[in-house]
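Structure first, then comments.
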Amino acid sequence: MDLKVTRYEIAADGVATVWLHRPGRGNSWSGRMNAELRSIMATLDLDPAVRAIVFGRDRQAPALY
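In my numbering, the protein residues as written are 10 to 74.
Take a look at the structure:
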């Protein structure tokens, strides 16, 4: 899936970080964000190197409204 409102990375220590990235809308939840997070979580679930998942936000916007 082409990620437009989220992003993620997996560090060498197995910690995956998932960011909400919708600053123009205050990182508010959307159908697109839901679909992207479901896709990311499925990907991370299948990766045996992932030991933990941390959620963050784009610093240009609040965490959630």
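Backbone N, C-alpha and C fix where the C-beta goes; we use that ideal spot for every residue, glycine too.
query, result
"Out of D56, D22 and E18, which has the shortest C-alpha to C-alpha gap to L29?", "E18"
"Taking R16 as part of the beta strand (DSSP E), name the residues at either end of that continuous run.", "T15 to I19"
"In chain order, what residues of the same chain have a beta carbon less than 6 Å from the beta carbon of R16, not counting five sequence neighbours either side?", "W28 and H30"
"Compare the C-beta of T15 against all C-beta atoms of chain D and say whether one is closer than 8 Å.", "This model lacks chain D altogether, as it is built from one protein chain only."
"Would you call the CB atoms of V24 and R66 closer than 8 Å?", "no"
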